[in-house]
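Asker: Using the numbering used here, read the sequence shown as starting at 79 and increasing by one per residue.
Quick one: structure below, then a few questions.
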Amino acid sequence: MYTAYVFADNYFEMYVNGIAVGRDNVPFTQFNSNIVRFKAKAPFTVAMHLVDWEENLGIGSESNNGSEFHAGDGGLVAVIKDKDNNIIAKTDETWKAQTFYTAPIRDLSCVSESGSERLSSNCVTTANVQDGSADYGLHWELPANWQQADFDDSSWPNATTYSNQTIGVDNKSAYTNFIDIFDNGKADSEFIWSTNVVLDNERPSRILCNCHLD
Numbered sequence: 079m080y081t082a083y084v085f086a087d088n089y090f091e092m093y094v095n096g097i098a099v100g101r102d103n104v105p106f107t108q109f110n111s112n113i114v115r116f117k118a119k120a121p122f123t124v125a126m127h128l129v130d131w132e133e134n135l136g137i138g139s140e141s142n143n144g145s146e147f148h149a150g151d152g153g154l155v156a157v158i159k160d161k162d163n164n165i166i167a168k169t170d171e172t173w174k175a176q177t178f179y180t181a182p183i184r185d186l187s188c189v190s191e192s193g194s195e196r197l198s199s200n201c202v203t204t205a206n207v208q209d210g211s212a213d214y215g216l217h218w219e220l221p222a223n224w225q226q227a228d229f230d231d232s233s234w235p236n237a238t239t240y241s242n243q244t245i246g247v248d249n250k251s252a253y254t255n256f257i258d259i260f261d262n263g264k265a266d267s268e269f270i271w272s273t274n275v276v277l278d279n280e281r282p283s284r285i286l287c288n289c290h291l292d
């Protein structure tokens, strides 16, 4: 038996060897932690579908901070323990993370591709936006079998890590109640996302867990 502790901004679905084992029960703005228990034979592959919530459908924005079209941010932190409470996996830069939806975009030329990376670092996010009529969303087709253990993710980029301060969780009790797990001094898990934690709104992430149950 394994136990996964998950804090996702905002929504996640979790798969083990292609089988759905858990998902966020609140798919919008509420920040909550989740505990997912599952059985598996090691080694196994964990895949997670991560989505940043949007209020303005199709253009990746929400009403927030005085803006009707605010570009919110994402973030995932997770820890997986075995039956003896040993940490056997945690989110860090060794995870794979690919982007499949980027928004809001106003200048379509600001997005570029470099190898397998889909980059939006040159795109500008503007504060206090009250009109989203000029915003676009960019989508890439999601592979049908991306959750499966035999899916070839070798071309996917590694996840980008972010600090607690960048994600903004110091005032989120759903995170701070589990600091002893997420910020373990011997095995500190890190927030991960793709290269743009604000504009990239949908990404699957994957890791192979070479772990053992005695």
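Glycine included, every Cβ here is placed at the ideal spot set by N, Cα and C.
Please read all numbers here as calculations on a predicted model, not as lab measurements.
1. Extract the residue ranges of the alpha helix (DSSP H) inside the region 206-264, only unbroken runs of 4 or more that lie entirely within it.
2. Please say whether L154 and W234 have beta carbons closer to each other than 9 Å?
3. Using the C-alpha atoms, what's the distance from V207 back to M126?
4. Go to F269, then tell me how far its beta strand (DSSP E) extends in each direction, as first and last residue.
5. Here's a check: name, in chain order, each residue in its chain whose Cβ is nearer than 8 Å to the Cβ of L277, leaving out the five neighbours to either side.
6. For the putative contact between F109 and D130, defined by C-beta atoms under 8 Å, what is the C-beta separation to the nearest angstrom?
7. Less than 7 Å between C-beta atoms, sequence neighbours within five positions excluded: which residues of the same chain meet that for G301?
8. To the nearest angstrom, how far is the alpha carbon of A98 from that of M92?
9. Does DSSP put L277 in a helix, in a strand, or in coil?
10. Between W218 and T177, is the Cβ-Cβ spacing less than 9 Å?
11. Relative to the C-alpha of D160, which residue among Y240, K119, C188 is closest?
12. Judging by CA-CA distance, which residue of T169, L186, D231, E146 is the nearest neighbour of Y296?
13. For the beta strand (DSSP E) containing F122, name the first residue and the last one.
14. Do G215 and N279 have their C-beta atoms within less than 9 Å of each other?
15. Please classify S192 as buried or exposed, where buried requires at least 16 other C-beta atoms within 10 Å of its C-beta.
16. Pick helix, strand or coil for L154, following the three-state DSSP scheme.
17. Using 9 Å as the threshold, is the C-beta distance between Y83 and F260 below it?
Answerer: Reading from the atomic positions:
1. Those alpha helix (DSSP H) runs which fall completely within the region 206-264 and span 4+ residues are 242-245, 251-254, 257-260.
2. Result no, Cβ atoms of W234 and L154 do not sit closer than 9 Å.
3. 31 Å
4. It spans 269-271 - the beta strand (DSSP E) in which F269 sits, taken as one unbroken run.
5. Result list for L277: G138, A149, T180, A181, P182, I183, S198, C201, T203, in chain order.
6. In this structure F109 does not touch D130 by the C-beta definition: roughly 12 Å separates them, more than the 8 Å allowed.
7. Here the chain comprises residues numbered 79 to 292, so residue 301 is not present and cannot be evaluated.
8. 6 Å
9. coil
10. Contact: yes.
11. K119
12. In this structure the chain extends from 79 to 292, so residue 296 is not present and cannot be described.
13. 122-129
14. yes
15. exposed
16. strand
17. yes
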